[in-house]
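Mapping of the sequence shown onto our numbering: residues 54 to 773, in sequence order.
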Amino acid sequence: MPMGIDVSGWQGNVNWAAQRNNGVRFAYVKASEGTSAMNDYFGQQYNGAAAVGILRGAYHYARPDLSSGASEARTFANSGGGWAADGRTLPGVLDLEAGTPRTSGTCYGKTPGQLTAWTRDFTSTYKALTGRDAVIYTGYYFWQDCLGGTASFSGTNPLWIAAYGAAANNVYIPGGWPQYTFWQYTSDGGDQNVFNGSYSQLQAFAATAGSEPGTLLVKGTSDPTIYMLSGSSKYAIPDWATFLRYQGVSALLTLDDGYLARLTTGPAVGRFVRSPDGTISLLNGGALNRVPNCSMMNDFGGGNCTNWVPLSNTQLARFSKGPELANAVLLPGSRNLFVKGGATREYFDVSALTQAGLPTRQISLPEDMFTSVPRGTPIMRADSIAIDRETGTPYLYTLGQLHALPVSVNKENVWTRSLAVYHMDAVSLGKLKKTGPYTGWAANASGSKAYLVGSEKKFQLTSAPNWGVSVTTMSDGLLALIANGSRISLPALISIDTSANIYALDGGKFRQISDWATLTNLFGPTLPPIVDLPPMVTNSLAPAAPILPTGKLYVAPTSPMVYLSDGTGSMVPLPNFSIASRLGINGYTHVSTASLAPYRISNQVLTPVLNCNGGKYLQRNGKFVRLSTSVSSTGLLPSTALARSTCQALGVPASGFTTVSRPVFVMDDASSTVYSLQGKTKRPVGNWARLVSLNGGRTDPIIAVYDVATLASLPSGKAA
54 MPMGIDVSGW QGNVNWAAQR NNGVRFAYVK ASEGTSAMND YFGQQYNGAA AVGILRGAYH
114 YARPDLSSGA SEARTFANSG GGWAADGRTL PGVLDLEAGT PRTSGTCYGK TPGQLTAWTR
174 DFTSTYKALT GRDAVIYTGY YFWQDCLGGT ASFSGTNPLW IAAYGAAANN VYIPGGWPQY
234 TFWQYTSDGG DQNVFNGSYS QLQAFAATAG SEPGTLLVKG TSDPTIYMLS GSSKYAIPDW
294 ATFLRYQGVS ALLTLDDGYL ARLTTGPAVG RFVRSPDGTI SLLNGGALNR VPNCSMMNDF
354 GGGNCTNWVP LSNTQLARFS KGPELANAVL LPGSRNLFVK GGATREYFDV SALTQAGLPT
414 RQISLPEDMF TSVPRGTPIM RADSIAIDRE TGTPYLYTLG QLHALPVSVN KENVWTRSLA
474 VYHMDAVSLG KLKKTGPYTG WAANASGSKA YLVGSEKKFQ LTSAPNWGVS VTTMSDGLLA
534 LIANGSRISL PALISIDTSA NIYALDGGKF RQISDWATLT NLFGPTLPPI VDLPPMVTNS
594 LAPAAPILPT GKLYVAPTSP MVYLSDGTGS MVPLPNFSIA SRLGINGYTH VSTASLAPYR
654 ISNQVLTPVL NCNGGKYLQR NGKFVRLSTS VSSTGLLPST ALARSTCQAL GVPASGFTTV
714 SRPVFVMDDA SSTVYSLQGK TKRPVGNWAR LVSLNGGRTD PIIAVYDVAT LASLPSGKAA
């Protein structure tokens, strides 16, 4: 064990060369007592020991009866009791031994609690001033009696025990210290001491003070700002939350404002701490997450490895070791943030990071770390569903755009159930472009194909809808996920999941088809595919009155006009019932005005000659015959063009018809004059003989009877 002595002003100038020759390897020199320097020979003793290679330090004789521990610590530090990392300076010593009647008694007039607090005031202040823990010199019985045997210093402050007459391995140790660092074993011939270890260990103790430098929580006497203090630098704590995060590293000490003012100001305290070996970690609650590089530290707002505060290994040991810091952060409540460049981007899932070419390693961190960090554009997964976490509104995300969906989307559609779903903050969704809602009408990315998307399948349209419908442009990948149905054209037949009815879709409206006959008349005996649509699609369309059976007569209560229904969208005015009778149409139906509202009123009126299937037809002897175009009168006959379905409903044959190659004469239903159509004019036939002659000698002329107005529209010529 290396030998050492302690000296004071009573010894005067010391012959240190002789002491070294006698085996002395360390010395402690008294520097102060109470609130005063107390050794006129301090310089010769302290520096003389160092000059001959003796490790030396200073001690302070405590007077708890005179002043505070902090005040005496400052006196000690200012009187030569500091510490230097020069390899030859031992840490300062608090000499706390039994008092006398002049010091208010053995315990300085204090209770164990008071004396413990005084000691803590001294040691904490000393460490704040020097960065090192003071050695405590004391005796067993004094410590046990006057400080209650407290063990609160055993983990930080080395023990110098005064125990005379004991054996080195049988020294009574107070206060929970596992062992002594120094032992004063006799006062004969001056105080004699030994270090509990080898000389190399003593040298290491001088270099490290037996305890590494730590960071303290301090404040000034008048300035309310709380700082973290390390060495000659102070770091302001910006808020209460930060103080609570670090409050366990030390007690809160009060230092002179002047002393604090002389310290170098470092960056404000944040979440980054640095260990003595240079490792920087993020302080995450009670855990430390090692920062792998300066770039990532900058991502988390710590600068380029600049904005950190130092902590000792002992202080760092208070916290558990967590995983290495990562850019991909998992927050409580299943929220994901990607941290980069001092901003955050909510990300859909790991697959979204992979698609974006970003690192995928994740780490869990508290949400309060990011409450004031700006939010950037979210990292989305291609072709997915994002749900607004606040409102619950779902959105289809494809090709960089959001399209609002009804909350019933997965209930109504099979294909959407295979899409990934993630709840996302409204502020994140607000960074993305929102276009029209998804209504079932879609197009591919190039716009070359249009689709009507049903519950399970997509149906390619032969032409895009020509009304103002919201079309969602989908990626080719998303379209590939939806099964293909048949190609369809508009108007189309649709069914709705919630109804057993069949509807016709066209012009942005859907109308119920009331019976099978109407269905087959409108769309032919070979029906096109019936597209099954979810309500979310039909809700985007305007429902209209049902389609009335075609080829029938209807009248509304608000008008005396009778109409012939023509296909799905037209009503043809009936001039008089004789026209209807000659076409084989009998009777009419009263309907509401709303029932007629979807139909447009044709600009033509019903005539006895119908233009169907590319030709003109006239009913003769209860059957429709086709009029030959080789006869000049056929082209001059006024006719009513009708939809294929109407022609079919009236019994006009599309094939197998009889063609009549004879002239057709005309007359109106208000007179007996018969006309021959010649040269774009109608010419009156004067008598029966002339009529037979014009009819090729046949006595059964074909006469089409028109209403007066229609026939009057033909120009008149001279007699035939």
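Even for Gly, the Cβ is constructed at its ideal location relative to N, Cα and C.
Nonlocal neighbours in the same chain, by C-beta distance under 7 Å from residue i, ignoring five residues either side
i	result
G65	Y94
C700	L663, C665, N666
A772	R736, P737, G739
W63	none
N360	P320, G323, F325
P518	W494, L543
S481	E399, R428, P431
S645	A609
A702	N574, T603, G604
T332	R343
L149	A115, T172, I189, Y190, T191
P706	F677
Contact set for residue i: own chain, Cβ-Cβ below 8 Å, skip 5 residues either direction
i	result
T416	In the sequence on display, residue 416 carries Ile and not Thr. Here the set comprises N342, G375, P376, E377, L378, A379, A381, V382, L383.
A340	F372, S373, K374, G375
G263	With a pLDDT of only 43 at G263, under the threshold of 50, the placement of this residue in the model should not be trusted; the figure read from the coordinates follows. Excluding positions up to five away in sequence, the list reads P144, D186, V188, P211, T234.
S714	S681, S683, V684
K562	L594, A595, P596, A597, P651
G770	Q731, G732, T734, K735, R736
L764	P691, V719, M720, D721, Y728, K735
T711	K676, V678, R679
S528	A435, D436, T451, L452, A498
Range covered by the alpha helix (DSSP H) that runs through residue i
i	result
I632	630–635
P165	165–183
V608	Looking at the DSSP string, V608 is not in any alpha helix (DSSP H); the run it does join, the beta strand (DSSP E), is 606–608.
Q237	Element bounds for Q237: not the alpha helix (DSSP H) but the beta strand (DSSP E), 235–239.
E465	462–465
A576	In the sequence under discussion, the amino acid at residue 576 is Phe, which differs from the Ala named in the question. Unbroken alpha helix (DSSP H) run through F576: 569–576.
Q72	69–74
F296	293–299
D352	347–352
N342	Premise fails: N342 lies in the beta strand (DSSP E), 340–343, not in any alpha helix (DSSP H).
Segment limits, beta strand (DSSP E) that includes residue i
i	result
Y288	286–289
S774	Missing from the structure shown is residue 774; the chain here goes from 54 to 773 and no further.
V271	269–273
V382	381–384
A84	77–86
F195	Looking at the DSSP string, F195 is not in any beta strand (DSSP E); the run it does join, the alpha helix (DSSP H), is 193–199.
R388	388–393
Y448	447–451
Y280	279–283
T307	305–308
T397	396–399
T711	711–713
A557	555–559
Expected contact under 8 Å - CB spacing of residue i and residue j to nearest Å
i	j	result
S207	W230	5 Å
A111	L182	That belief does not hold up - the Cβ atoms of A111 and L182 are roughly 13 Å apart, past 8 Å.
V658	P628	5 Å
D550	S508	6 Å
Y99	G140	Not quite, the Cβ-Cβ distance comes to about 16 Å (not below 8 Å), so this is no contact.
N92	S124	Contact flag wrong, Cβ pair sits at about 19 Å.
L695	S648	Not quite, the Cβ-Cβ distance comes to about 20 Å (not below 8 Å), so this is no contact.
T660	T693	5 Å
Cutoff 8 Å: residue i Cβ touching any chain B Cβ
i	result
W468	Looking for chain B here will not work: only one protein chain is present.
Beta-carbon contacts of residue i that lie in its chain and below 6 Å, excluding the five residues immediately before and after
i	result
V615	L606, V608, L627, Y641
G489	S523
I654	M624
Contact test: residue i Cβ vs the ligand ZN heavy atom, cutoff 7 Å
i	result
D148	Annotation note on the ligand ZN: not contained in the displayed structure, which lists no ligands.
query = Are there three or more Cβ pairs, one per stretch, closer than 8 Å when the stretch 577–584 is compared with the stretch 448–460?
reply = no
ask   = If we count Cβ pairs, one from each stretch, closer than 8 Å, do we get three or more for the stretch 384–397 versus the stretch 330–347?
value = no
request  = Enumerate, from N- to C-terminal direction, the unbroken beta strand (DSSP E) stretches of 3 or more residues contained entirely within the stretch 94–134.
outcome  = For the stretch 94–134, whole beta strand (DSSP E) runs of length 3 or above, ordered along the chain, are 108–114.
Alpha helix (DSSP H) runs wholly inside the stretch 651–701, at least 4 long, in chain order = DSSP runs (the alpha helix (DSSP H)) wholly in the stretch 651–701: 685–689.
ask   = Is there contact here, the stretch 91–105 with the stretch 68–76, by at least three beta-carbon pairs under 8 Å?
value = yes
query = Does the stretch 501–512 come close enough to the stretch 532–543 to have 3 or more Cβ pairs within less than 8 Å?
reply = yes
ask   = Is it true that the stretch 284–293 meets the stretch 246–261, where meeting means three or more beta-carbon pairs spaced less than 8 Å apart?
value = no
ask   = For the stretch 483–545, which segments carrying the alpha helix (DSSP H) assignment without a break, of at least 4 residues, lie completely within its bounds, in sequence order?
value = 529–534
inquiry  = Extract the residue ranges of the beta strand (DSSP E) inside the stretch 720–754, only unbroken runs of 3 or more that lie entirely within it.
reply    = 728–731, 734–737
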